[in-house]
Ligand SMILES: Cc1ncc(COP(=O)(O)O)c(C=O)c1O
């Protein structure tokens with residue numbers, strides 16, 4: 441509360457019972473966040489997979505100050521600004537072939553919501569107004585606005601609003617951890633299931649939305665090679681748009697600018713947010729392939745008050761330029777190999793940690809009750825939250841994630857700038873957290 445009021449003995453009027461009891465973060469530098477007691481937490485998840493460059497990068501802070509001194513805000517229907525145009529130019533330069541336009545928003549949820557509206561708009565424009573549904577994967581998360589949540593396969597986040605959500609169908613998600621099938625058979629089975637859904641629903645389906653790697657709902661669930669390209673072919677076959685939700689995977693997280701590049705896929709829209717601002721300002725974007733952007737020539741999408749504000753645009757442009765100038769993608773690939781090897785080593789030493797998967801600097805694993813059977817720890821243990829707490833006590837921040845209904849996965853996704861030495865500290869602290877988790881659960885491997 442206000443320090444003067446506190447000194448005067450006035451008690452807070454804020455309802456503290458709904459305020460989470462957490463340490464107070466007072467400053468941050470690089471991959472470390474410091475609390476008011478001087479503890480140094482290694483930010484092993486980049487917050488929620490967002491802080492791509494780490495904290496307190498001087499070049500970004502300089503741009504922030506310079507742009508703030510020039511102009512912080514001009515409303516997009518009244519003025520163009522150079523920083524907004526330069527950011528859109530930079531994003532299109534990085535996007536796959538055929539992309540030629542972007543609309544800026546303030547968060548990932550606004551981005552996926554806009555992609556949904558844009559898909560509906562597109563089909564209206566081409567004379568098929570009955571195509572209004574966007575299908576997500578059965579395990580997925582696209583945001584907390586009602587449209588975004590309607591496309592999400594995330595039972596626990598949907599449950600309180602079920603009656604308000606659009607009745608979009610959900611397709612399938614590749615999740616092969618417990619299947620005895622070969623990769624090829626499993627991939628064929630999953631694509632055949634999508635084919636069946638789209639055959640039945642194509643007449644009313646505007647698009648399919650897919651995370652190249654499923655984040656919050658899946659614990660970095662990584663599809664087999666050929667899945668995204670197979671889904672792209674099915675979207676073409678059934679005449680529906682493909683939307684890549686790259687809110688997590690976009691702008692370098694998986695070692696390429698966009699996650700869909702891994703499978704050489706060109707979607708019709710890409711949504712990005714989180715890492716594009718590295719947490720220095722709220723920002724998101726929808727990137728459009730020409731096929732969809734052409735439907736907007738006479739009618740721009742509706743946006744939000746702060747969409748594309750010049751201050752946030754300048755900051756995001758500085759983030760992208762910093763990544764290019766410092767070859768951050770090379771670091772993601774090198775540190776990604778180190779992280780993969782480290783997690784696999786830990787999984788061998790602590791077999792209840794299973795299903796290690798990911799790419800670049802986006803990795804996940806699951807907590808197993810019986811490693812031989814790969815059975816998950818039961819939901820009521822809240823094992824992933826407890827695991828996060830043990831790691832937090834070891835001064836490592838990691839992110840609890842799906843897979844529904846067990847919610848027993850974890851994500852490790854440090855800033856893309858992490859050094860080799862810092863990554864070793866991350867792995868050491870992870871093992872310390874694991875050992876104390878093992879003690880609580882009597883797992884007996886240490
Ligand atoms: C894949 C994905 N899409 C969309 C969102 C929503 O983004 P935001 O929280 O910025 O609204 C998230 C957030 O975690 C996400 O992981």
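Residue numbers (the numbering used here): 441 to 886.
Even for Gly, the Cβ is constructed at its ideal location relative to N, Cα and C.
Every value quoted in this text rests on a predicted model; they were computed, and no experiment measured them.
Here residue 847 is buried. Its C-beta has 16 or more other C-beta atoms within 10 Å. Scanning the segment 810-836 from its first residue to its last, the whole alpha helix (DSSP H) runs of 4-plus residues come out as 823-833. Within the model, the alpha-carbon separation for residue 667 versus residue 549 is close to 24 Å. About 6 Å separates the CB atoms of residue 655 and residue 489; that is less than 8 Å, so the two are in contact. Apart from the 5 residues on each side of it in sequence, residue 541 sits with its Cβ closer than 6 Å to the Cβ of 728 and 733 in its chain, given in chain order.
Contact annotation: the segment 501-513 does not touch the segment 671-678, with fewer than three C-beta pairs closer than 8 Å. Inside the segment 618-673, DSSP marks whole beta strand (DSSP E) runs of 3 or more residues at positions 645-650, from first to last along the chain.
Here residue 862 is buried, its C-beta having at least 16 other C-beta atoms within 10 Å. Where residue 763 is concerned, the enclosing alpha helix (DSSP H) starts and stops at 750-765. Cα atoms of residue 463 and residue 476: separation of roughly 7 Å, rounded to the nearest angstrom.
Residue 799 and residue 581 have their C-alpha atoms spaced approximately 19 Å apart. A Cβ closer than 6 Å to some heavy atom of ligand 1 marks a residue here, and those residues are 488, 547, 548, 549, 552, 581, 582, 583, 651, 655, 656, 685, 687, 688 and 713. Per DSSP, the continuous beta strand (DSSP E) segment holding residue 729 begins and ends at 724-729. Of the candidates 677, 647, 869 and 614, 647 places its Cα closest to the Cα of residue 708.
In the three-state reduction of the DSSP assignment, residue 488 falls in the helix class, which pools H, G and I.
Assignment of residue 549 by DSSP, reduced to helix, strand and coil, places it in the helix class. In this structure the segment 839-859 lies against the segment 575-595, because at least three pairs of beta carbons, one per stretch, are closer than 8 Å. The beta carbon of residue 584 sits closer than 8 Å to the beta carbons of 549 and 597 from its chain, once the five residues preceding and following it are set aside; these are given in chain order.
Rounded to whole angstroms, the Cβ separation of residue 630 and residue 685 is 18 Å, and the two are not in contact under 8 Å. Scanning 692, 743 and 718 for the CA closest to the CA of residue 776 turns up 692.
The beta-carbon distance between residue 867 and residue 782, rounded to whole angstroms, is 4 Å. This is short enough to meet the 8 Å contact definition. The secondary-structure analysis by DSSP pairs residue 708 with nothing; it has no beta-bridge partner. The secondary-structure analysis by DSSP pairs residue 465 across a beta bridge with 475. In the three-state reduction of the DSSP assignment, residue 807 falls in the strand class, which pools E and B. Residue pairing from DSSP places residue 541 in a beta bridge opposite 728.
Residue 573 carries a strand assignment under DSSP once its states are collapsed to helix, strand and coil.
Membership of residue 776 in any beta strand (DSSP E) is not indicated; the residue belongs instead to the alpha helix (DSSP H) covering 768-789. Residue 497 and residue 744 have their C-alpha atoms roughly 28 Å apart. In the DSSP annotation of this structure, residue 686 is not part of any alpha helix (DSSP H); the continuous beta strand (DSSP E) holding it starts and ends at 681-686. Residue 702 sits in a helix when the DSSP states are folded into three classes. Residue burial is scored here from C-beta neighbours: residue 725 has at least 16 other C-beta atoms within 10 angstroms and is therefore classed as buried. A distance below 8 Å between beta-carbons, with the five flanking residues on each side excluded, links residue 643 to the following residues of its chain, in chain order: 570 and 571.
For the 8 Å CB-CB criterion, residue 811 and residue 794 form a contact. Going by C-alpha positions, residue 526 is about 15 Å away from residue 511. Among the bridge pairs identified by DSSP, residue 839 is matched with 851.
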